[in-house]
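Chains as they are written, first to last, in our numbering: chain A, 25 to 359; chain B, 25 to 359.
Positions of the beta carbon are idealized from the N, C-alpha and C atoms, including for glycine.
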C-alpha cells in the first residue's frame, strides 16, 4: 500500500472528497490539494492549536489504536474547549513505522468517531514513514473578543474545575504496577486515561461568563501556575474540595475508599492527562456557571479563589492556609 | 532546561509575546495560551497546510540545524506558494531527543530568518521528548475564489515550471557517494537540497493567471500525475526543455556538462525535494506569465501542454511523442 492509497483509504472520506468540493460547514476545500481552505464566518477569529503525541512518551506501544485515534483528537479539542472556540476542522500529520491495515482501520475509526461527534472535518495533513508520531493541528471559530484566555483572572474570582481529576494518573500507575486498584475502579480510570472527554460544550457555554480558562493536561498545580502567571495573580486552593475530585465516581459506584487523603491530594495536584477545564468567574456569576454546567451536562466544582498576592496556597478543612506540598508539574524535558 | 524554558528561550519572541498582545498582522493572539487566534481579513479564505519531517527520512542526523530550520518552514511555504496564498503564521510541533542548546539556537535562527523574510509569525505549537520529528502547520490568506488548486488545468493550457529541477536529488546522490559531482556543482546542488527557495512571490503573482498549480516535492512525473488526476486531463511533456532544467545553473557557472541526457531526464522526472511550482495557464496568457515571473524575479520555463487524452507522454526533440521511461515518484510507503 502506497502513501496516496493509504490517505485515500483511511483518511479521505466521502464528506471531504478533495479538490473543488465543499467538505463541511466553514471548509471551502478539504483533503487532497496543496492546502485546505477554510472560509471563516464574518466577525470570527480562528483559534488554532497543535499537539504532538509520541510513542513511549504519551502512549504505550501496545495502545488500542482506536483509543489512540480518539485521544489524539481529544487533546486538541480540549484546547478549543479552553478557548471557548467551536471546533471546525483539523489536520493530521502521521509518522508510521509501517502501513499496517488493521491498525489504520482501528485508528481512523476512533479518530473519526470523535471528529463526527464534534462536526470537525479532517481537511489535510501528511503521512510519512518513521517512528510512530501523531501531530494534530485543530481549528475552531470564536467571535472576535470572546475567546477565553489564561490572562483574565481577577482577584476575588472563584476558581472552578470540570469533571474529576487524577484518574488518568491512577490508571497509569496501576498499569505500571505501582498502585493496586479494584478492577471496577481500574476500568473507569483507564477509560479516563485512554478516552478523555474534551469539554467543548462547557467551553462554549462559558463564553461571556468565565474570566479565564486553561485545560488541565500537565497537572492541576502546574496548570494553575500557568493561569496565575498569565493573569499576574495568586490563588488559594481548597484542599478538601480538590481532593474530592479524585475518583469522584468511586462512591456512586459503591466502591470503598481506596486512597488516603495525602495520596488523593498528590494525585489531584500532579495528575496530568486530565483534559478538564480549569476556569475563573466572578462570584456574582456562580448561578451562571452552574447554568452553563447544566446546559452542557458537565459537572463543575468550585475549588478555590483568585487573590492579589502571588503564588498558590492551600486552605485545609479547618480554614488554615499554607504552602502546597512539594509537587512537580509534568515537564517533557525535566528528569 | 525545562519544556517551558525551552519554548520561552528559543521560540517565544518579542514580536509574539503571548496572551493578550497582538503579535503580527492578522494574528490576534500568539504563542503562550491554549490556542492562538488569527483574525482573517473580510473576504479572505484561510489556506492551511501541514508537513512532517522525520530524521533519516527527510534529513540526515548530522544535518546543519540552521538549514533544517529553514527547510522545515520552506516546504510549508511552498504549499502556500502553490495555493497563491500569502503566508500569515505557522505552528511548530517538535519532538527532540534532548534539549541541546547549540542545536536549538541554530535551528531557531534558520527557522526565524526565513519566517521573517516572509512576515510569517510563529503562533504556537508543542514541544516534547522523542525521536527527532518536526511538524509545521502553516496558514495563509487568499481572496475567496482566487486560490490556485490542482483541479483547473484545461486542454490546450501550457505547462510551466519555475526554477531548476533535479538539483536536490543530484546533491543527495553525491552525498550518498552514488554520483561524482564537481565541487562547485555539489555546492550549488547541496544548497538547493538543504535550503530550497519557496516560490511564494511567484504564486501570488500567478493569481488570476494560472489555471492550476502544484508544488514539486515528490518528483515531476508523480506531481504532474497528481495535477492531471485532479484536473481529469492528460499532458505532453517536452523532453528537451524538461532535461535542460537539471543543473541549469551549470553552464552559466562555466561548468562542463557532467550528466548525459538520459541521466538528466531521469533526474528531472524523479527528482523530488525541488519545491518549484508546476502550473498551467492558457496560451493567451504567455505574456502575463512572463510578466509574473519578472515581477517575482523567478525564472519560468514552458515544458509542455495539457491535452484531453489521459496520461502523460513525452515529446522528443524531433517532435515524436512516446511513453515516459519507467520512473517512480517518491512514495513514503513503497519499498
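By the criterion of Cβ-Cβ separation under 7 Å, what are the contact partners of residue i in chain B?
i, result
"residue 62 (chain A)", "69, 70, 72"
"residue 168 (chain A)", "63"
Strictly below 7 Å CB to CB, what residues from chain A border residue i?
i, result
"residue 238 (chain B)", "58"
"residue 159 (chain B)", "76, 117, 159"
"residue 147 (chain B)", "72"
"residue 365 (chain B)", "Since the first residue shown for chain B is 25 and the last is 359, residue 365 (chain B) is missing from the structure and cannot be characterised."
"residue 316 (chain B)", "Near residue 316 (chain B) there are no residues of chain A at all, since even the closest Cβ is about 18 Å away, more than 7 Å."
Are the C-beta atoms of residue i and some chain D residue less than 7 Å apart?
i, result
"residue 150 (chain A)", "Any reference to chain D falls outside this structure, whose protein chains are A and B."
Between the beta-carbon of residue i and the beta-carbon of residue j, is there less than 7 Å?
i, j, result
"residue 80 (chain A)", "residue 119 (chain A)", "no"
"residue 71 (chain A)", "residue 166 (chain A)", "yes"
"residue 310 (chain A)", "residue 260 (chain A)", "no"
"residue 145 (chain A)", "residue 159 (chain B)", "no"
"residue 240 (chain A)", "residue 320 (chain A)", "no"
"residue 230 (chain A)", "residue 292 (chain A)", "no"
"residue 360 (chain B)", "residue 262 (chain B)", "Outside the displayed range of chain B (25 to 359) lies residue 360 (chain B), so it cannot be described from this structure."
"residue 148 (chain B)", "residue 60 (chain B)", "yes"
"residue 161 (chain B)", "residue 74 (chain B)", "yes"
"residue 151 (chain B)", "residue 31 (chain B)", "yes"
"residue 270 (chain B)", "residue 190 (chain B)", "yes"
"residue 105 (chain B)", "residue 222 (chain B)", "yes"
"residue 267 (chain B)", "residue 123 (chain B)", "no"
"residue 273 (chain A)", "residue 212 (chain A)", "yes"
"residue 177 (chain B)", "residue 304 (chain B)", "yes"
"residue 67 (chain B)", "residue 168 (chain B)", "yes"
"residue 69 (chain A)", "residue 63 (chain B)", "yes"
"residue 192 (chain A)", "residue 210 (chain A)", "no"
According to DSSP, is residue i helix, strand or coil?
i, result
"residue 157 (chain A)", "strand"
"residue 233 (chain B)", "coil"
"residue 116 (chain A)", "strand"
"residue 256 (chain B)", "coil"
"residue 193 (chain B)", "helix"
"residue 200 (chain A)", "coil"
"residue 359 (chain A)", "Low confidence applies to residue 359 (chain A): its pLDDT is 37, below 50, so where it sits in the model is not reliable, and the reading given next is rough at best. It is coil, neither helix nor strand."
"residue 170 (chain A)", "coil"
"residue 46 (chain B)", "Caution is warranted here: a pLDDT of 43 is assigned to residue 46 (chain B), below 50, making its placement in the model unreliable, and the coordinate value is therefore given only provisionally. In the structure shown, residue 46 (chain B) sits in coil (DSSP, three-state: anything other than H, G, I, E or B)."
"residue 314 (chain B)", "helix"
"residue 107 (chain A)", "helix"
"residue 78 (chain A)", "strand"
"residue 273 (chain A)", "coil"
"residue 320 (chain B)", "coil"
"residue 165 (chain A)", "strand"
"residue 240 (chain A)", "coil"
"residue 35 (chain B)", "helix"
"residue 147 (chain B)", "strand"
"residue 179 (chain B)", "coil"
"residue 51 (chain B)", "strand"
"residue 89 (chain A)", "helix"
"residue 286 (chain B)", "helix"
"residue 188 (chain A)", "coil"
"residue 296 (chain B)", "coil"
"residue 142 (chain A)", "coil"
"residue 64 (chain A)", "coil"
"residue 207 (chain A)", "helix"
Would the beta-carbon of residue i be found less than 6 Å away from any heavy atom of the ligand SAH?
i, result
"residue 132 (chain A)", "Ligands are entirely absent from the displayed structure, and the ligand SAH is therefore not among its contents."
Give the residues of chain B in contact with residue i, contact being defined as C-beta atoms less than 9 Å apart.
i, result
"residue 334 (chain A)", "Chain B residues near residue 334 (chain A): none, gap ~17 Å exceeds 9 Å."
"residue 54 (chain A)", "Neighbours of residue 54 (chain A) on chain B: none; closest Cβ ~10 Å, over 9 Å."
"residue 216 (chain A)", "Ordered by position in chain B, no residue passes the 9 Å Cβ test against residue 216 (chain A), which lies about 20 Å from the chain."
Could you tell me which chain A residues have their CB closer than 9 Å to the CB of residue i, listed as they occur along the chain?
i, result
"residue 337 (chain B)", "Under the 9 Å cutoff, chain A gives no residues; its nearest Cβ is about 22 Å from residue 337 (chain B)."
"residue 104 (chain B)", "58, 59"
"residue 304 (chain B)", "Within 9 Å Cβ-Cβ: nothing; residue 304 (chain B) doesn't reach chain A, min ~14 Å."
"residue 178 (chain B)", "Those do not exist, as residue 178 (chain B) stays about 14 Å from chain A at its closest Cβ, beyond 9 Å."
"residue 223 (chain B)", "Here the premise fails: no neighbours, minimum Cβ distance about 12 Å."
Can you pull the chain B residues whose beta carbon is under 8 Å from the beta carbon of residue i, in chain order?
i, result
"residue 66 (chain A)", "66"
Give the interface partners of residue i over in chain A, defined as CB-CB distance under 8 Å, in chain order.
i, result
"residue 96 (chain B)", "Within chain A, no residue comes near residue 96 (chain B); the closest Cβ sits about 12 Å away, beyond 8 Å."
"residue 231 (chain B)", "By Cβ distance, chain A contributes nothing, its closest Cβ being about 14 Å from residue 231 (chain B), past 8 Å."
- Meets three-Cβ-pair contact criterion under 8 Å: the segment 181-192 of chain A and the segment 140-156 of chain A: No: the two stretches stay apart, fewer than three of their Cβ pairs being nearer than 8 Å.
- For the 8 Å Cβ check, are there 3 or more pairs between the segment 171-178 of chain B and the segment 230-237 of chain B? yes
- Message: Taking contact to mean 3 or more Cβ pairs, one atom from each stretch, closer than 8 Å, check whether the segment 91-106 of chain A and the segment 293-307 of chain A are in contact.
- Response: The segment 91-106 of chain A makes contact with the segment 293-307 of chain A, as at least three CB pairs between them are under 8 Å.
- Message: Below 8 Å, how does it come out for the segment 341-348 of chain A and the segment 76-91 of chain B: are there three or more Cβ pairs, yes or no?
- Response: The segment 341-348 of chain A vs the segment 76-91 of chain B: no contact.
- Message: Using a Cβ distance threshold of 8 Å, determine whether the segment 195-213 of chain B contacts the segment 128-139 of chain B, with at least three qualifying pairs required.
- Response: No, the segment 195-213 of chain B is not in contact with the segment 128-139 of chain B.
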